[in-house]
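Engineer: In case it helps, the working numbering puts the sequence shown at residues 4 to 284. Every residue gets a Cβ at the ideal spot worked out from N, C-alpha and C, and that includes glycine. Bear in mind the structure is a predicted one, so any value in this text is a computation, not a measurement.
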Amino acid sequence: MNESPLVSIVLPTYNGARYLAQSIQSCLNQTYQHWELILVDDASTDHTSQVIADHVARDSRIWSVRHDTNRKLPAALNTGFAIAKGDYLTWTSDDNLYRPNALAEMVAFLFQHTEADAVYTDYSEIDETGEIIRTIGVPNPPELAYRAFHIPCFLFRRQVYETTGSYDEDLFLAEDYDYWLRVIARFHPQALHQNLYLYRRHNASLTKQFGTDVAAARERTLRRHLPHLQSGATRAGAWLYLAELAVQRRDFWQALRHWFQALKQAPLLAISLIRRSKNHA
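(1) If you compare alpha carbons, which of TYR22, GLU146, ARG160 is closest to LEU113?
(2) Write down the C-beta distance between ALA177 and ARG221 rounded to the nearest angstrom, noting that I regard them as a contact closer than 8 Å.
(3) Within 10 angstroms of its Cβ, does PRO3 collect 16 or more other Cβ (buried), or is it exposed?
(4) At what residues does the beta strand (DSSP E) containing GLU39 begin and finish?
(5) Given this structure, state the Cα-to-Cα distance separating LEU106 from ARG226, to the nearest angstrom.
(6) Figure out for me which residue from LYS88, GLU108, TRP262, THR72 has the closest Cα to the Cα of ILE12.
(7) Since LEU199 and ASN99 should fall inside the 8 Å C-beta cutoff, what is the C-beta to C-beta distance between them, to a whole number of angstroms?
(8) So LEU158 packs on TYR91, CB below 8 Å; how close in whole Å?
(9) For the alpha helix (DSSP H) containing THR166, name the first residue and the last one.
(10) Mark HIS231 as exposed unless 16 or more other C-beta atoms lie within 10 angstroms of its C-beta, in which case mark it buried.
(11) Could you pull the start and end residues of the beta strand (DSSP E) that GLU108 belongs to?
(12) DSSP on LEU259, reduced to helix/strand/coil?
(13) Starting from the C-beta of SER67, find all residues in its chain whose C-beta is less than 6 Å away, skip the five residues before and the five after it, and write them out in chain order.
(14) Counting pairs of beta carbons, one from the segment 123 to 143 and one from the segment 187 to 199, are three or more of them closer than 8 Å?
(15) To the nearest angstrom, how far is the alpha carbon of LEU9 from that of LEU266?
(16) Which one of ALA219, ASP49, GLN233 has the shortest CA to CA distance from VAL186?
(17) Rounded to whole angstroms, how far is the Cβ of GLN33 from the Cβ of TYR101, which I believe are closer than 8 Å?
(18) In chain order, what residues of the same chain have a beta carbon less than 8 Å from the beta carbon of PHE175, not counting five sequence neighbours either side?
(19) By the DSSP assignment, the beta strand (DSSP E) with HIS58 in it spans what residues?
Given below as structure tokens:
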């Protein structure tokens with residue numbers, strides 16, 4: 004592979020003009036400069052199109068495509084990745100920010116760890132003004148499969164996308180979780196414990212608007228993938244996560260049934276994870 008592989012960044016947006024310029028600027032600020040930025044406007048009705056046009060005119064590495072109708076996030080991602088040319092692929096949101104060394108560190112990691120098919124990193128949550136709220140340390144595999152962790156900063160080798168295929172357009176709000184479950188079933192992602200990304204929490208974000216729906220969508224997605232999880236330990240963790248969601252709904256009988264399923268799959272691990280969750284409560 005070329006020593007300076009092309010990184011394709013897909014940036015879907017829908018009425019995201021408020022923070023979009025900042026998100027694009029964080030790509031322009033990268034110390035690793037061999038990238039292309041594909042802006043996918045999902046039929047915005049605010050002045051997103053003007054923000055996009057201004058940046059496309061300034062930098063030949065930035066280009067855009069627009070949907071005629073609002074088709075939601077999974078479709079916007081598929082539109083972007085279908086035309087991406089990079090050796091490495093990723094996507095970011097119109098309200099989030101890369102730290103300047105994000106691409107450089109992830110590209111270097113994949114160069115140094117040829118056994119890794121993808122890399123994902125720690126990040127910080129920020130508020131509407133950009134102030135840091137907290138720092139998130141991402142889990143190591145295989146915990147990704149059953150904890151539904153948010154993974155906003157990552158880099159795939161092209162082979163991962165070509166093999167895994169498109170995002171499921173019927174899984175709006177859980178498309179990313181479903182994609183990661185499909186990836187870890189066939190590939191070997193690794194965690195890079197460096198804080199390389201700023202994830203913004205604000206009232207207009209999808210997470211804020213659809214919080215309860217996101218949890219329900221992720222539960223449906225995990226149930227669909229559960230029979231295909233390969234190890235007993237991973238299945239045990241999945242059942243414990245489903246138990247946790249049942250407790251949040253105050254469905255304690257359902258939670259108890261899920262706990263028993265976890266114990267059947269991997270008794271010692273299940274007990275360990277239950278104890279750990281109590282310690283973190």
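Structural biologist: Reading from the atomic positions:
(1) For the purposes of this step, residue 113 is taken as residue 110 along the sequence shown, with counting starting at 1. Selected option, being the one with the closest Cα: ARG160.
(2) The residue given as residue 177 occupies position 174 in the sequence shown. The residue given as residue 221 occupies position 218 in the sequence shown. Between ARG221 and ALA177 the Cβ distance is about 5 Å, and since that is below 8 Å, they are a contact.
(3) The structure shown does not extend to residue 3, since the chain is modelled only from 4 through 284, so no value can be given for it.
(4) Here residue 39 refers to the residue found at position 36 when the sequence shown is read from its first residue. Where GLU39 is concerned, the enclosing beta strand (DSSP E) stretches over 38 to 44.
(5) For the purposes of this step, residue 106 is taken as the residue at position 103 of the sequence shown. For the purposes of this step, residue 226 is taken as the residue at position 223 of the sequence shown. Taking the straight line from one Cα to the other gives about 34 Å.
(6) What you label residue 12 is simply residue 9 of the sequence shown in a count that begins at 1. Nearest option by C-alpha distance: LYS88.
(7) Within the sequence shown, the letter at position 196 stands for residue 199. Within the sequence shown, the letter at position 96 stands for residue 99. Between ASN99 and LEU199 the Cβ distance is about 11 Å, and since that is not below 8 Å, they are no contact.
(8) As a working note, residue 158 is residue 155 in the sequence shown. As a working note, residue 91 is residue 88 in the sequence shown. Sure, about 5 Å apart at Cβ, within 8 Å.
(9) Mapped onto the sequence shown, residue 166 falls at position 163. It spans 161 to 167 - the alpha helix (DSSP H) in which THR166 sits, taken as one unbroken run.
(10) Numbered from 1 along the sequence shown, position 228 holds the residue referred to as residue 231. With fewer than 16 other Cβ atoms within 10 Å, it is exposed.
(11) Locating residue 108 in the sequence shown gives position 105, where the first residue counts as 1. Premise fails: GLU108 lies in the alpha helix (DSSP H), 105 to 115, not in any beta strand (DSSP E).
(12) Indexing the sequence shown from 1 puts residue 259 at position 256. In this structure, LEU259 counts as helix in the three-state DSSP scheme.
(13) Along the sequence shown, one-based indexing puts residue 67 at 64. Answer for SER67: LEU42, ILE55, VAL59, listed in chain order.
(14) yes
(15) Walking along the sequence shown from the start, residue 9 turns up at place 6. Walking along the sequence shown from the start, residue 266 turns up at place 263. So the two alpha carbons sit approximately 46 Å from each other.
(16) On the sequence shown, residue 186 is found 183 positions in, with the first residue counted as 1. Selected option, being the one with the closest Cα: GLN233.
(17) Along the sequence shown, read from residue 1 onward, the residue named residue 33 stands at position 30. Along the sequence shown, read from residue 1 onward, the residue named residue 101 stands at position 98. So it is a contact: roughly 6 Å between Cβ atoms.
(18) Here residue 175 refers to the residue found at position 172 when the sequence shown is read from its first residue. Here the set comprises LYS75, LEU76, PRO77, ALA220.
(19) Your numbering for residue 58 matches position 55 in the sequence shown. Note, HIS58: premise wrong, no beta strand (DSSP E); alpha helix (DSSP H) at 51 to 61.
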